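Everything below concerns the one structure shown next.
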Amino acid sequence: QSSNVSSKKTIRDSFCLPVDKTIFGYIGKYETMGESKGVDEIIEAFSLAFAKNKDIYLLLVGVEDAERSKIFATIDALKLPSSSYSIFVLDQSKFAEYLVACDVLLMNYPNTEHYAKYMSPTKLFAYLATGLPIISSDLPSVRSVAGEEVVLYVEPGDTEKYAKVMLGVFNNLGTVNNQSDQRIRLAYNFEWPARAKRIIDNLWQCN
2 QSSNVSSKKT IRDSFCLPVD KTIFGYIGKY ETMGESKGVD EIIEAFSLAF
52 AKNKDIYLLL VGVEDAERSK IFATIDALKL PSSSYSIFVL DQSKFAEYLV
102 ACDVLLMNYP NTEHYAKYMS PTKLFAYLAT GLPIISSDLP SVRSVAGEEV
152 VLYVEPGDTE KYAKVMLGVF NNLGTVNNQS DQRIRLAYNF EWPARAKRII
202 DNLWQCN
């Protein structure tokens with residue numbers, strides 16, 4: 002590795018993220034074409050998990066300024082302390098760094114026709130290339146890319162189960178990280194859109 006490669010700790014320091022917590026991260030939009038991407042439910046699941054384990058932390062990247070009021074309405078209703086999460090507007094030039102700052106990556110697409118049948122999960126490709134554990138709602142469009150050996154699946158809408166899986170990953174992080182190489186290999190089996198390829202190239206510069 003070159004001397005300018007950033008470590009996870011260095012990246013977390015640069016974002017003022019805790020270095021002593023297990024960070025669960027979602028990187029992406031809050032909505033697409035007016036459709037929810039399941040971010041509120043991620044927050045709800047995290048809240049349930051956080052109530053049982055204060056050593057976890059939630060990172061949300063990609064929430065637009067106009068959407069922050071919706072996010073904070075959910076956070077306030079759940080009474081999540083501000084010390085348990087960070088919310089950033091997405092800076093595309095730092096996309097790879099956001100990923101590397103995390104320990105576990107989250108997706109929670111709702112079970113709608115668009116997400117279940119027609120979505121091309123570019124986010125999943127980028128997630129896989131990190132080698133990090135991934136938790137996702139169980140949809141055909143996601144399973145068509147990755148099986149249970151590399152992604153931890155939860156029935157869409159089941160926030161209690163999602164929280165349990167989060168805690169299970171926290172308690173067995175070493176074990177779930179054993180599939181890291183398998184995730185990375187799977188990521189490189191796909192024909193990459195140009196934008197996704199740039200994301201992956203950047204990942205290797207800061208991982």
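Just so we're aligned, residue 2 is where the sequence shown starts under the numbering used here, counting upward by one. A virtual CB, placed ideally from N, CA and C, is assigned to each residue, including glycine. If you're wondering where the values come from, they're calculated on a predicted model, not measured in any experiment.
Assigned with DSSP and collapsed to three states, Tyr154 falls in strand. For Ser137, there is no enclosing alpha helix (DSSP H); the residue is part of the beta strand (DSSP E) that begins and ends at Ile135 to Ser138. In this structure, the beta-carbon distance from Leu140 to Phe25 does not fall below 7 Å.
DSSP, read as helix, strand or coil, puts Glu149 in coil.
The C-alpha of Gly132 lies about 18 Å from the C-alpha of Val166. The Cβ atoms of Val152 and Lys162 lie no closer than 7 Å to each other. Assignment of Glu45 by DSSP, reduced to helix, strand and coil, places it in the helix class. When secondary structure is reduced to three states using DSSP, Val177 falls in the helix class.
Taking C-beta separations shorter than 6 Å and ignoring five residues to either side along the sequence, the partners of Glu68 in its chain run Tyr31, following chain order. When the beta-carbon positions are compared, Ala46 and Ala164 come within less than 7 Å of each other. Per DSSP, the unbroken alpha helix (DSSP H) holding Gly169 starts and ends at Thr160 to Asn172. Burial check for Val90: the Cβ neighbour count within 10 Å stays below 16, so the residue is exposed. Note on geometry: alpha-carbon atoms of Ser85 and Val20 lie some 13 Å from one another. The DSSP assignment places complete beta strand (DSSP E) segments of no fewer than 3 residues inside the stretch 52 to 97 at 57 to 62 and 86 to 89, in order along the chain. Under the 10 Å beta carbon count, Tyr110 is surrounded by 16 or more other beta carbons and is classified as buried.
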